[in-house]
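**Q** Chains as they are written, first to last, in this note's numbering: chain A, 95 to 450; chain B, 95 to 450.
Handing you this structure, nothing more for now.
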DNA sequence: ACGCGCTCCGTAAACGTTTACGATACTATG
DNA sequence: CATAGTATCGTAAACGTTTACGGAGCGCGT
């Protein structure tokens, strides 16, 4: 019977060792599942650790092994993001964690303060060595952070593509595919004057979206008209504003593609104020489905995907780039575009009599 | 001219020291602003550190001083939270950071995985000693986490009150005040049959909300009817469901108080399906303003507050409980209820002809 | 000359782990 | 019986900091 003393506050592995009358090295090996330890003693150690509530001090461990078992997810939480993201991050985080937890990796979120430069913030976080690897989000078209991370030799992956070196690993929603599908559908309905909304910030997804739109038009032989691209915030207000600008045009579009579904709420509101009914007088197709807009009438045609699974994918992209896990997650491609599924509604259900 | 060698990869304070030909102790003191160092040498050290890109290894520092300069904000991101929180956390986080950054404290968010018990998760995080202090959110009515944190002697504050020991520091929205104001307003309009929605989870704010409602009714001599309390998720769907249940009642209420504004969207939708117009046939008052619902017609009567400032307040509550900062943030009270401001709309603007 | 206080700096211990290495006891093999 | 091999364990160094302690140099008053 070793069973000695009541569980006093545990100081460290040393106390645990002398409580068991075993050397500190063996205790460490037992706890970490190293082979050089007798099954019997390992059981004793684990039991005692459980009973005394011992857990390894992360600082000591990190200092020794140079690893923290923590993955960081940097989010900007810029003013626009806060208003729009609609729990985008929390959902993706769920997917990330479902993978990481299998490897005893913890995910923490690193919110960059509004008043700090994201680049400087990231630099600080990298320097602090509080995480083993990083996921960055809201990638800009050219994003200095990629160079910083590459130079610091810290494994990373991006949620969202970027032009800064295409060899960087990332996972991104399939903006190309979505906008292609939307244009195809609208053209098949007879539309040739199709407007599109783009985010007001210089986040890269906006460029990808508009470029895909442009190429899709080209494929159908429709000339690209810059007046058809409306920059607006990705919120209800933004949608309202988009509708406002479109109504003001001389040559009004017959269809509009929105980059974020919340915008549809504002757009519906504005066009209805002018007696225009979506799905009858104007076709509306929106990018990503938001739980919010399910109540729109007529039902919005939009695209859906599992953000949770996107998180899973992104986690695997990252792990394949971490030396300690790369053999477990082999990869041929380091970039993935994540597909979305069309949800047909009634907002683009009417056929336009082709003029020509 | 000390200026030697090109900036090779920095290993630690030791290399920095021998680069400067100064002892390692002095370098440390210089970097940390300790008094026992000549101004001249301090400048040299800081310059060299900047030039060589040296930053202290956090693990080493933490190990030595037992402090990390990191504050953790635990969020549950349960299924319900993910759907509702509507960037609640990101906004509060902004306020938290604006205070913490003044003290060189970094905030990280700790999202508890869906499949892990929050208590166990918190225990792990505490044990890891990755943070100096913790903020927990979504407090339950009885929340074991308070005992855990108290026993671990780690400074903490809660976003949301709890019954588990009223001496714990927290900041919370003024549910009492809001529901009182709402009831008063409705009663003044002649309503006496007032329904209320409550969250389906056992988060404490639900209890506070309903209890406040109950006391307010009592104050007006209106008997409390359990049938008037509808449990539902705090989402559009939940609002839809609330309306559904209310319409099914024999003795329908003439007014309803919602705990979350998003619910109003679903509720509007459902009652309108039955030809009932909010603000004419039924009075609707909602708790917290969400940017989403601004487009509702008729305009919703609800309550607004600055979640950013709530974050500031909460940060100060926490700091006042951390020994290193408590003299800078002295406090008489450790709990604060955060006020909200009524935004009158038209959804409760009609006067009921008092029956009696 | 002596002592005292002050400024500045170097030395070394300590924080809690992990792990390379060697030591011991025991088993199997010749 | 000698030797090699194996299983298990103890020892001690190392990770990068911070900081208590003491020492050197200096000025100044007695």
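Every residue, glycine too, gets a C-beta built ideally from N, C-alpha and C.
Measuring alpha carbon to alpha carbon, tell me which residue in A/256, A/340, A/262, A/164 is nearest residue 218 of chain B.
**A** Here the closest residue by C-alpha is A/164.
**Q** For the beta strand (DSSP E) that residue 381 of chain B lies in, which residues bound it at each end?
**A** Start and end: 377-382.
**Q** Return the first residue and the last residue of the alpha helix (DSSP H) that residue 294 of chain B is part of.
**A** Note, residue 294 of chain B: premise wrong, no alpha helix (DSSP H); not H, not E.
**Q** Which residues does DSSP pair with residue 205 of chain B in a beta bridge?
**A** According to DSSP, which records beta bridges pairwise, residue 205 of chain B is partnered with B/169.
**Q** Whole angstroms is fine: what's the gap from residue 330 of chain B's alpha carbon to residue 108 of chain B's?
**A** Approximately 59 Å, taken between the alpha carbons.
**Q** So that I know if they touch, is there some Cβ in chain B lying closer than 9 Å to that of residue 344 of chain A?
**A** Judged by the 9 Å Cβ criterion, residue 344 of chain A is not in contact with chain B.
**Q** Quickly, what does DSSP pair residue 115 of chain B with across the bridge? List them, please.
**A** Partner(s): none; residue 115 of chain B has no beta bridge.
**Q** Using a Cβ-Cβ cutoff of less than 8 Å, which residues in the same chain neighbour residue 435 of chain A once the five nearest sequence positions on both sides are dropped?
**A** So the qualifying residues of the chain are 397, 398, 399.
**Q** Looking at C-beta atoms only, is the number of pairs between the region 401-419 of chain A and the region 304-319 of chain A that lie closer than 8 Å three or more?
**A** As far as the Cβ criterion goes, the region 401-419 of chain A does not touch the region 304-319 of chain A, which means the pair count is below three.
**Q** Could you check what DSSP says for residue 324 of chain A in three-state terms: helix, strand or coil?
**A** Residue 324 of chain A falls in the strand class under three-state DSSP.
**Q** Measuring only the C-alpha atoms, how far is residue 370 of chain B from residue 366 of chain A?
**A** If I take the Cα positions, the gap works out to 20 Å.
**Q** At 7 Å on the CB atoms, spell out the chain B contacts of residue 301 of chain A, in chain order.
**A** Ordered by position in chain B, no residue passes the 7 Å Cβ test against residue 301 of chain A, which lies about 25 Å from the chain.
**Q** Are the region 251-267 of chain B and the region 423-432 of chain B touching, with three or more C-beta to C-beta distances below 8 Å?
**A** Verdict: yes, contact present.
**Q** How long is the line joining the alpha carbons of residue 338 of chain B and residue 281 of chain B, rounded to whole angstroms?
**A** Cα to Cα, the separation comes out at about 23 Å.
**Q** Could you check the C-alpha separation between residue 321 of chain B and residue 373 of chain B for me, to the nearest Å?
**A** Each residue's Cα considered, the two are about 22 Å apart.
**Q** Rounded C-beta distance between residue 194 of chain B and residue 228 of chain B? I'm assuming under 8 Å.
**A** With 8 Å as the limit, residue 194 of chain B and residue 228 of chain B do not qualify as a contact, their Cβ atoms being about 13 Å apart.
**Q** Determine the direct distance from the alpha carbon of residue 345 of chain B to that of residue 238 of chain B, and round the result to whole angstroms.
**A** Approximately 40 Å between the Cα atoms of the pair.
**Q** So residue 130 of chain A is in the beta strand (DSSP E); what residue range does that whole segment cover?
**A** No beta strand (DSSP E) contains residue 130 of chain A, which DSSP labels as neither H nor E.
**Q** Would you kindly report the start and end of the unbroken alpha helix (DSSP H) that includes residue 187 of chain B?
**A** First-last of the alpha helix (DSSP H) with residue 187 of chain B: 182-194.
**Q** Give the straight-line distance between the Cα atoms of residue 358 of chain B and residue 192 of chain A, rounded to the nearest whole angstrom.
**A** Computed Cα separation, rounded: 33 Å.
**Q** Quick one: what's got a C-beta closer than 8 Å to residue 100 of chain B's C-beta in the same chain, skipping five residues either side?
**A** Annotation note: pLDDT 39 at residue 100 of chain B (below 50); position unreliable, coordinate value reported separately. Nothing meets the Cβ criterion.
**Q** Assuming residue 376 of chain A and residue 336 of chain A make a contact with CB atoms under 8 Å, what is their CB distance in whole Å?
**A** In fact, because the Cβ distance is near 11 Å, the residues do not count as touching under 8 Å.
**Q** Give me, in chain order, the residues of the same chain whose beta-carbon lies closer than 8 Å to that of residue 213 of chain B; leave out the 5 immediate sequence neighbours on both sides.
**A** Here the set comprises 238, 239, 242.
**Q** Who pairs with residue 234 of chain A in a beta bridge, going by DSSP?
**A** For residue 234 of chain A, which the question treats as bridged, DSSP gives the partners A/297.
**Q** At a CB-CB cut-off below 7 Å, which residues of chain A make contact with residue 389 of chain B?
**A** Within chain A, the residues near residue 389 of chain B are 330, 359, 360, 363.
**Q** Residue 427 of chain A CB to nearest chain B CB: under 9 Å?
**A** No, its Cβ sits nowhere closer than 9 Å to a Cβ of chain B.
**Q** From residue 127 of chain B to residue 289 of chain A, what distance separates their C-alpha atoms?
**A** Distance between the alpha carbons of residue 127 of chain B and residue 289 of chain A: 58 Å.
**Q** So, is the C-beta of residue 373 of chain B closer than 9 Å to a C-beta in chain A?
**A** Chain A, which has no Cβ nearer than 9 Å to the Cβ of residue 373 of chain B, makes this no.
**Q** Could you pull the DSSP bridge partners for residue 288 of chain A from this structure?
**A** Answer is A/349.
**Q** Determine the closest residue to residue 70 of chain B out of B/139, B/379, B/143, B/437, with distance taken between C-alpha atoms.
**A** No answer is possible for residue 70 of chain B: it lies beyond the span of chain B, which begins at 95 and ends at 450.
**Q** Can you check whether the CB of residue 297 of chain A is closer than 9 Å to the CB of residue 254 of chain A?
**A** In contact: residue 254 of chain A and residue 297 of chain A (Cβ atoms closer than 9 Å).
**Q** Is there a Cβ of chain B sitting closer than 9 Å to that of residue 262 of chain A, yes or no?
**A** Output row for residue 262 of chain A: interface = no.
**Q** Would you mind stating whether residue 277 of chain A and residue 304 of chain A have Cβ atoms separated by less than 9 Å?
**A** No, Cβ-Cβ distance for residue 277 of chain A and residue 304 of chain A is not below 9 Å.
**Q** Just verifying my parser: in three-state terms, what is the DSSP assignment at residue 212 of chain B?
**A** Looking at residue 212 of chain B - three-state DSSP - the assignment turns out to be helix.
**Q** With a threshold of 9 Å between beta carbons, is residue 113 of chain A in contact with chain B?
**A** Output row for residue 113 of chain A: interface = no.
**Q** Kindly list, in the order they appear in chain A, the residues whose Cβ is closer than 7 Å to that of residue 154 of chain B.
**A** Ordered by position in chain A, the residues that pass the 7 Å Cβ test against residue 154 of chain B are 157.
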